[in-house]
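This report refers to the structure that appears directly beneath it.
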Amino acid sequence: MPIDSNTGGVLTRGPNNARPAVLDETDHLIVQMLQADARTPNNAIAAAAGIAPSTCHGRIRSLQERGVIRGFHADVDPAAVGRGLQALIAIRLQAHARANLTRFENYLAGLPAVESIFFVTGDRDFLIHVAVADSAVLRALVADNLSLRPEVAGTNTTVIFEYLRRADSSLTA
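Residue numbers (this note's numbering): 453 to 625.
Below is the structure:
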């Protein structure tokens, strides 16, 4: 699995074909609270859910074991760490390169600018979210790295003006 260049950890996989976990109201509340703030103390979650702290801890551990909670992360502002320009880059691969998607995905995951990688349908194969210092770095990433790779047939870059993240997105319909 690819390495996450932002945390040094393994990139987590998005939706898969696994059967959805069965969650009750308490599980939903725990997940919502942790999505809003992963640093919420166990005692506070337990109090909000009306359960004992030990029960809450067990439920969180169960949610992790069942793959509902994949990890706990800091929401870092890229601009605050010198990466204030964000973009989405759509990448179309050469037809012959599609047999080696994992290798190309690993290459993308190794690029320090890459925040997220999406394998998508349509006329493009990948959509990557990047955060860089400025337009010169973005240009170099696209022109001197991505576009020069033999498996890349083309790219399309869209600069992000504003990015909003919904804290409880995984539980909405």
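Every residue, glycine too, gets a C-beta built ideally from N, C-alpha and C.
Leu545 sits in a strand when the DSSP states are folded into three classes.
The beta-bridge partner set that DSSP reports for Thr610 consists of Leu540. Of all alpha-carbon atoms in Ala551, Val584 and Arg576, the one lying nearest the alpha-carbon of Ala565 is that of Val584. Assignment of alpha helix (DSSP H) within the region 471-556, counting only whole runs of 4 or more residues, yields 477-488, 494-501 and 505-517 in chain order. Looking at the DSSP output, Ser568 bridges to His581.
If you draw a 10 Å sphere on the C-beta of Asp577, you find 16 or more other C-beta atoms in it, and that means buried. Of the residues assessed, Arg535 falls on the buried side of the cut-off, its CB having 16 or more other CB atoms within 10 angstroms.
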